[in-house]
Structure formats: C-alpha cells, structure tokens
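The opening residue of the sequence shown carries number 1260 in the working numbering; numbering runs sequentially from there. No residue lacks a Cβ here, since even glycine has one placed at the ideal position from N, Cα and C. Since we're looking at a predicted model, the values are computed, not measured.
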Amino acid sequence: MNQKRFDAETLDEESIKKLAELARLARGDILKMTTLAGSGHPGGSMSSIDFYLVLYSYANVHPQYASDPNRDRIVISHGHTSPGVYSALGRIGFYPIEAAIATFRKAGSPFEGHVEKGIPGVEWNTGNLGQGLSAGCGFALGSRILKRGFHVFVTMGCGEQQKGQISEARRFAIKYGLDNLTVIIDYNLRQISGVTPEIMPQNISKNYESDGWKVIEVDGHQFQEIYSAFRKASINHHPTMILAHTTMGKGVSFMEGKEEFHGRALNLEEYKKAIQELGVEDDLDRYRQIREKENLPFSGRKYPIEIPSIQIGNPRNYEKDQKLDNRSAFGNALLDLAKVNLKKDGSLPMTVFDCDLAPSTKTTAFAKQFPDHFFQGGIQEHNTATIAGSISTLGLLSLFADFGVFGIDETYNQHRLNDINETNLKLICTHNGLDVGEDGNTHQCIDYVGVMRNLFGYKIIIPADPNQTDRVIRYVAKTHGNFLVAMGRSPIPILLTEEGIPMFGHAYEFRYGDADLVRKGKDAAIITTGGMVYRAVQAWEKLKEKGIEVQVLNISCLSDLDVEAILKAAHTGTVITYEDHQIHTGLGSRIANVIAEHRLSIRFRKLGITQYGSSGKPDDLYKMQGLDAESLIQVVLDEIARK
C-alpha cells in the first residue's frame, strides 16, 4: 500500500471541492438508504459524513488493499451512523454505492443497521456504545507489539461519552503510551432523548485533557480544519482527541439541530423535499426495484483474522502426592508457553491482561519475566475485556485472567461483542463457585456456565485437576476461537486412577469434547465437573464399601457434550449430576437436555447450588447446600432404592 496518511500539509482547493461534492452526494445517499429501509439514523450520519470522507480519503486505507495487514484501522464506535459510513466508503470506491443504498438493513445484506466487518473499511462490529475506544486501544497496542506501524482512528458520538468504559480506555491509552491512537468525536449536542448537556452534563474536552490526552477542537464541517487536525494528531506522538463541532442533520434545513432525526427515517414527503434541497437525483424507485430482487448486488467480505502459530511445549506432570490449585497450574502453563514461543529476536506472540488480581490469578510470574507482554488494566474489567478481544484478531495469543464474577458476570456485554466480532480470546477465570469461600456471595460466581452458554462462539472448559488444567491451557492456546476456562480457588488433590496413577498426567492428551470415565460402575452414574470430581470419587469409594458400584463421569467440556458417554452412563438407570454451580443453568440442565432429547426413561437428579452462598470454608458451604460427599452418597442410595 503506497498511500501515506495525511501526507500533504494542507488540502488544495481542488481536493476541497471534491470532498464537498462527495459530501453532497453522500448526504443524498444517507437519506435514500434510510428512507428506502424505513429506518436508520440519518441525523448523526449527516453530521459525521464530512470527517468520514476526510478520514477514509487520507488515512492509510485503500479500496484495493482493504485487507492489508499494515493498513490503518478505523473503528466506528457510534455504529448507528452506518448510513454515513456506507455512503463514504461507497463514494470513495470500496464497493458500488448502489449496493449500500438498495440493500441497507435488508435481511441477508452486509449493510446492516449498525456497522459490521463484512464491509471493507470497517474494522469492528459496533452498536453497543462505549466499546469502540477500547477496541481501538487493542488495535493500537497490537500495532506497537507487532511493529506494524499502523495508526488507529476511532470515531465516536458526543452522547456516547457518558459511558464509563470510555474513561477506562482513556486512562489505559495514556498509561501505555498509545501515541498511534486518534479519536474524533461528532459533537452535535443531540441524542435520542434531546439536548446532550440536558440529558447528562459533561465536559468532554476537560475529561480527555485531565487524563492526559491532547485535544484539538475544529468545525466538523470545514474540510481543511478536519484534515489539519487529523494530520497533527497523526504526527504528534501522543493520544489525541479531535472534538468536531457539528450539526445534527447537516445539509437539510428542516433536519438541522433536530434530535427527532437521530433515529427516524424521513417519510416520502420529507424525503422529496430534502433531496430537492440537496440538489441530488431522486432515483428512489430504481433502488426500490433493486432491493426487491432476491440476489444481493454486493455480498460483503470475509474479514481477515490473523491466527498465531503457537507451540505448546511439554506438559507438566503433577504427581499423586501433590495438592495444588488449578489456578497455579494455569500460571505454570502460561509461563511455559511464553518460554517456548519466545523468538530469537526477542519477540513473543502473546499478550496477557489482568485487572489488579495477578497474585490471585497466578499471572505474576509471567508479568515479571515478560513485562512487555503483560498489561495491567487496573480495576477496569469492561475496557480490558474489549482490548483483549480486539488484539486477539491481530495474530497475537491473547489471554485475559480474572475472577469469574468480574471476568464473566461483569463483562458479559463485552464478551458478547467480542464473540460477534469473531475474536480469538482465551478467558481464564479463577474463583468460581462456592469454592471462593470466605469472600462470600458477592464474589462467588455460580452462574458462569449459564451466562456464557448464551454466546454462540465461546467454548466452556472446566478442568478437573491441575494436570488436566495444564493440558487444557496448552490446548486453548494453540486452538483458534473464544474459550472460557473456569476453575475454583482451593487446592485440590491430583485425580488418580483406581490403580493410583495420575489420571490426567504423563500419557494423557486432552481432546476437546471427550468426557472422562473416572470410575466404572453399574448401579448409578454421577456426572460431574471441575473441583467436584474428586469429591465424587470420595463418594464412590464409600459407596463401594457398601457394595454399591457407581460410575463417575467427568464432563470438562460444557459447550460440546460427549453425548455417547452420557448415554452409556444412562444405561445404569440412574443419573445424578453434581456441580458447584447454580442448579438450574449448569451441567445438570445440559445433561437433562440430553436425557429429554433421547427420550430416556431413567431416574435423574440434579445436585447444585440452590441459593446464594454465605461466607465460610468451602467444605462448610458445600455441606450447607447438600453438596458434600456424604450428602451425595445419601442421594445415590435414595435414588437406587427408588428404582
């Protein structure tokens, strides 16, 4: 790609005239596509269009090289201004503008209501306001680590600045010196409900300045000012915010300054009046005919996601006399992965993110030995989750370690958007379940399976002991896709076979989706997961002394069940699920679905958390909710007696 970003010192008259004409046509495009679709956000699109045209014309992006790995990244945070983005990109030549106008918001079209990466020139699916700057931080950080040299531009709305995640991202950018990051804000002072300062007063410029950003204010409809601000921001080697003073609905007199048109398309009478005022051709009927056809004039593109090549090294083997928490096994595996993937030139295709919990999530050793690849996000989970997601699309292994209640419950919306963006994030969450113990119910994440099962692309793995944890971490590191690896807090025994050999050590290889038959049995089956597996084995031993033979089946992969193994367990006639999780949304519900779908006539019982826990030792908390080994034994005996 030969284009240099904002190379000329100023725009010449011919360039300004060209931009002005493109803006006039683009405003017509915006009204045509929203009127034809009968919905959309024309007002903000018309206030943003002038800086969209400047940005896409002079940043280091080009229609012929829309997937160049060294291209500048442009993140549209106020994604509802998609009509403006689509019209700018179409007019500059990224695709036929007719396709955007005719199929905007049509089912199956890549020109969705909020911007998405199926459109060349768009880098991040947005719509949930407040996340774009965090995504931009991830891209900017990745550019620096990979020594790519690309610049990141984030466009935002003024009402959006009310979001707390933006302040998190501002601080992160300054802390890590992201001097290749520029923000431009469409300061039209209007949002859905009215005048922005009346809805929520804020001093946007002072907010950015107080966090250490450079601020430039411009007339957002003067091309020379916009261009000069972008050029200055690109070369001043400091995170910079451009506050562009604009007018909602700019270009059509009856729309200007009216929040009504933030999210309302014009009716046909209004459209005709606006088109006439803009002096553009009224060809809506022609576009309507194109829209009514079955075939799409432009089908979009497959966004280029770079996948790192990761070596997993040799697994560690924890022996039978050891007792270790799974999170320590994670920390050890993390360190091993870094050492084996360190290049001769000192580069490392890994990033690890933490939110002020490194000693507890066991990322401290990595941080000490590889400080340039460890990023402390502070108590800013929303921002960190998004950064970890966006950077994972650049060919870097990205791991985000946190407690379950923060890394899952608090950041669900961020992971949902990561998932929609097809990221490659490894979310490692410790401190799940009643096993958190004395910290009490505010910190006991008991719903993580139920929460993350709602995301189509995330795969959930709950390892049963340190040996399996070690192999799971290595597996997710080399495997593309979003993964949640969940574990508890407490040290647990190494799981052994009946012969006393570590079950998941030495020759064991983790195979995603496979269940593990921990103990054989014919009278009933205990299906369990995570830190409850060793307790189920304790119950098995005592039941065996009573002459009862129960099967113990470990399900570590909660997203893709080993149905064959579950059906074999069901041959015993009695299935009991046993988990440190909310009883209605975890393993038990997953197994119940299998039983129902296969119309099995068996006895079935779920054991799990039935109410919020209290503060206390984990074993005491389990006993209070009937989840200790003795309670499990009694349930097995009761169910067998009822056969």
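- Shown here, Val1320 sits in coil according to DSSP, grouped into three states, outside any helix or strand.
- Rounded to the nearest angstrom, the Cβ distance from Cys1614 to Ile1667 is 12 Å, too far for a contact under 8 Å.
- Nearest neighbour of Thr1622 by Cα position, chosen from Ile1333, Ser1649 and Ala1592, turns out to be Ala1592.
- Rounded to the nearest whole angstrom, the CA to CA distance from Gln1841 to Ala1366 is 37 Å.
- DSSP lists Cys1704 as the bridge partner or partners of Asn1691.
- Approximately 18 Å separates the beta-carbon atoms of Leu1817 and Tyr1793; this is outside 8 Å, ruling out the contact.
- The region 1403-1419 makes contact with the region 1443-1463, as at least three CB pairs between them are under 8 Å.
- Within the same chain, and ignoring the five residues on either side of Met1500 in sequence, the residues whose Cβ sits closer than 6 Å to its Cβ are Val1442, Tyr1467, Trp1472 and Val1474.
- Here Ala1325 carries a coil assignment [DSSP, helix/strand/coil].
- Here the C-alpha atom of Tyr1717 lies approximately 7 Å from the C-alpha atom of Leu1743.
- With respect to the 9 Å criterion, Leu1656 and Ile1687 are not classified as neighbours on the basis of their beta carbons.
- Using a Cβ-Cβ distance cut-off of 8 Å, the region 1778-1786 and the region 1822-1832 are in contact, since at least three pairs of beta carbons, one from each stretch, lie closer than that value.
- Counted as a single uninterrupted DSSP element, the alpha helix (DSSP H) harbouring Gln1673 occupies residues Tyr1671 to Ile1679.
- C-alpha of Asp1878 to C-alpha of Asn1700: approximately 15 Å in a straight line.
- Judged by pairs of C-beta atoms under 8 Å, the region 1505-1514 touches the region 1297-1310, as three or more such pairs exist.
- Under a 10 Å Cβ-count criterion, Arg1586 is classified as buried, with 16 or more other Cβ atoms of the shown protein chains found around its own Cβ.
- Sixteen is the threshold: when 16 or more other Cβ atoms of the shown chains lie within 10 Å of the Cβ of Ser1341, as they do, the residue is buried.
- Secondary structure note for His1504: its beta strand (DSSP E) is the uninterrupted segment Thr1499 to His1504.
- For Tyr1546, the enclosing alpha helix (DSSP H) stretches over residues Leu1543 to Glu1551.
- Beta-bridge analysis with DSSP links Tyr1837 to Thr1787 and Leu1866.
- At the C-beta level, Ser1890 and Lys1882 come within 9 Å of one another.
- When the alpha-carbon of Ala1361 is set against those of Leu1555, Gly1352 and Ile1892, the nearest one is in Leu1555.
- Under the three-state reduction of DSSP, Gly1453 is assigned to strand.
- Bridge partners of Ala1745 according to DSSP: Cys1688.
- Less than 9 Å separates the beta-carbon of Arg1429 from that of Leu1392.
- In the DSSP assignment, Gly1349 falls within the alpha helix (DSSP H) that extends over Ser1341 to Ile1351.
- Straight through space, the alpha carbons of Ile1451 and Glu1519 are spaced by roughly 7 Å.
- Per the DSSP secondary-structure output, Val1381 pairs with nothing in a beta bridge.
- Ile1807 and Val1731 have their C-alpha atoms roughly 33 Å apart.
- Linking Glu1640 to Lys1805 through their CA atoms gives a straight-line distance of about 50 Å.
- Distances from the CA of Ser1749 to each of Arg1862, Asp1839 and Phe1513 were compared; the closest alpha carbon is that of Asp1839.
- For a cut-off of 8 Å, the C-beta gap from Gln1727 to Ser1651 is around 24 Å, too long to register as a contact.
- Counted as a single uninterrupted DSSP element, the beta strand (DSSP E) harbouring Tyr1446 occupies residues Leu1440 to Tyr1446.
- Going by DSSP, Met1415 is part of the beta strand (DSSP E) stretching over Val1411 to Gly1416.
- Taking C-beta atoms as the reference points, Ala1285 and Arg1350 count as a pair closer than 9 Å.
- In this structure Gly1572 does not touch Leu1594 by the C-beta definition: roughly 10 Å separates them, more than the 8 Å allowed.
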